[in-house]
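Residue numbers (this note's numbering): 141 to 631.
Here it is as structure tokens:
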């Protein structure tokens, strides 16, 4: 912990880092301007104090010691506020104002080695972000800096990054990559830094010891970028599941399947879902049932290794019918994924109890509230355990229907037609059309009838007797209005 007790008499007190033992006694370990800190720096109350996973290291934030500011005696009605804006500023003035408090409280990560009694300043003013591998215990750290490219954010909308490999024992660093369009992350054991390269449309990995960079997806023969993304920007990836045990392989997604990629380049890319996804039109994604699962692209924060010698759970989504469910697979075995549960609904959020054969998940449709269900690891005999929205039975609701047609440009499209309860096809109904990008994958998503901001609420209007048509729109870059007409009118 940090405290300013030792400097309480100062007009602008500086903080000291203390380490407390099991007996409750605490000793000062890093004082202001201690050896290893930059001149005039001290531990900061604005930083986070934490241990590495095995407790050998303590991480804390450091910064320049606070400067005493003489109280301003000017009456409030006589104070003048002036913002000075220079054309060379890294950020535009409105952005500077928004981030002023954050920048004032910025700290830079430092490390205290408990056994060695050594302080190492990791992050610096020109390399403000540092991540140490292996949950803080690794012999490699990754340092990043966007400082040279902050002006480019104003017109590119992208945070370019320079990358350094840092030695946590000494703080020495080596620049290994420049102007990456996405920030890299460390593999669980810290052997590799990895990132998505939108310009190369590939997953990249850097060996943190040899400093060699390798394109992991060049020889796979399928696209790992989102082929339907039509924004005027570099294409995003389909996402990844992360790394296997020992950083032996990287798991990345194409539109349907999951691929094992070798960071050493010695083994060719392997489709670990055996091409079942592409053949059947099903999108498979790895679910970590220990951290909540779901349909996310990838998890931020410390990554856990994906096992290859035991069964794993996959979420599955039919891109044509919008049915979904869960499958079982084993990435280290040459076998096809096995279906566990499936239906015309949206299944999500699967997570397993730590010490019992119990799995919790939720299931929803447009008219079925996402209540919680429990089952075992094989998803046999699932049962609903909550009834969180019984009042819905008191209201008229509606049903959803998937529709298909061809755009004026000859592109096959899908959309959703929502119909009110008691729909009579022999009668005429008022119809609303909500059109923006692609929404047909949300066919079975429950919509809570609440006030919205930039779009209409589906269930609110369908409940009041409206038909609601939600068509998919593929955009031609530069012609959003014409693209919408070509999709919506024939639909």
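A virtual CB, placed ideally from N, CA and C, is assigned to each residue, including glycine.
Residues of its chain near residue i, where Cβ-Cβ distance is below 6 Å and the 5 sequence neighbours each way are ignored
i: residue 468; result: 451, 478, 480
i: residue 497; result: 516, 517
i: residue 485; result: 503, 505, 584
i: residue 166; result: 158, 160
i: residue 587; result: 598, 599
i: residue 414; result: 476
i: residue 327; result: 383, 387
i: residue 218; result: none
i: residue 579; result: 610
i: residue 557; result: 541, 543, 609
i: residue 269; result: 284
Range of the contiguous beta strand (DSSP E) that encloses residue i
i: residue 281; result: 281-285
i: residue 611; result: 607-611
i: residue 269; result: 269-272
i: residue 252; result: 248-253
i: residue 380; result: 380-383
i: residue 511; result: 511-515
i: residue 468; result: 464-469
i: residue 159; result: 156-160
i: residue 457; result: 452-458
i: residue 260; result: 258-261
i: residue 573; result: 571-573
Own chain, CB closer than 8 Å to residue i, minus 5 neighbours either side, in chain order
i: residue 310; result: 260
i: residue 441; result: Legend: pLDDT at residue 441 = 39, less than 50; position of this residue unreliable, no value from coordinates given.
i: residue 193; result: 274, 275, 276, 277
i: residue 444; result: 328, 382, 428, 430, 431
i: residue 142; result: 155, 156, 157, 158, 183, 184, 185, 187, 189, 200
Beta-bridge partners of residue i, as assigned by DSSP
i: residue 371; result: Its beta-bridge partners do not exist; DSSP assigns none.
i: residue 305; result: 282, 314
i: residue 400; result: 391, 410
i: residue 553; result: 545
i: residue 336; result: 343
i: residue 486; result: 504
i: residue 429; result: The partner list for residue 429 (beta bridge, DSSP) is empty, contrary to what the question assumes.
i: residue 205; result: According to DSSP, which records beta bridges pairwise, residue 205 is partnered with nothing at all.
i: residue 184; result: None; residue 184 has no bridge partner.
i: residue 524; result: 513
i: residue 531; result: Beta-bridge pairing links residue 531 to no other residue.
i: residue 492; result: 499
i: residue 559; result: 539
i: residue 475; result: In DSSP, residue 475 forms no bridge with anything.
i: residue 143; result: 156
Selection from the options that minimises the alpha carbon distance to residue i
i: residue 373; options: 631, 616, 624; result: 616
i: residue 520; options: 389, 361, 465; result: 465
i: residue 392; options: 407, 412, 375; result: 412
i: residue 572; options: 579, 597, 552, 587; result: 597
i: residue 375; options: 528, 321, 264; result: 321
i: residue 536; options: 543, 186, 601, 545; result: 601
i: residue 146; options: 177, 179, 183, 176; result: 183
i: residue 271; options: 252, 305, 169; result: 305
i: residue 264; options: 246, 258, 252; result: 246
i: residue 575; options: 605, 562, 624; result: 624
i: residue 633; options: 255, 298, 230, 282; result: Given that the chain is displayed from residue 141 to residue 631, the structure contains no residue 633 and the question cannot be resolved.
i: residue 446; options: 207, 380, 500; result: 380
i: residue 356; options: 312, 606, 409, 494; result: 409
i: residue 152; options: 168, 180, 162; result: 180
i: residue 529; options: 589, 308, 206, 612; result: 589
i: residue 555; options: 459, 319, 308, 237; result: 459
i: residue 547; options: 568, 631, 622; result: 631
i: residue 296; options: 285, 319, 279, 308; result: 319
i: residue 483; options: 566, 495, 455, 239; result: 455
i: residue 243; options: 559, 224, 203; result: 203
Boundaries of the alpha helix (DSSP H) in which residue i is found, first to last residue
i: residue 626; result: 620-628
i: residue 234; result: 233-244
i: residue 225; result: No alpha helix (DSSP H) holds residue 225; DSSP gives it neither H nor E.
i: residue 168; result: No alpha helix (DSSP H) contains residue 168, which is instead part of the beta strand (DSSP E) from 166-170.
i: residue 293; result: 293-296
i: residue 598; result: 598-603
i: residue 419; result: 416-420
Other residues of its chain near residue i: CB distance less than 7 Å, five sequence neighbours each side excluded
i: residue 394; result: 362, 363, 364, 378
i: residue 448; result: 384, 385, 471, 472
i: residue 334; result: 324, 325, 327, 343, 344, 345, 390
i: residue 417; result: 396, 397, 423, 424
i: residue 316; result: 303, 304, 305, 346, 351
i: residue 290; result: 230, 231
Next item on the list: Go through the segment 338-373 residue by residue and report every complete run of the beta strand (DSSP E) that reaches 3 residues or more, in order.
Entry: Counting whole runs of 3 or more residues, the segment 338-373 contains the beta strand (DSSP E) stretches 342-347, 353-355.
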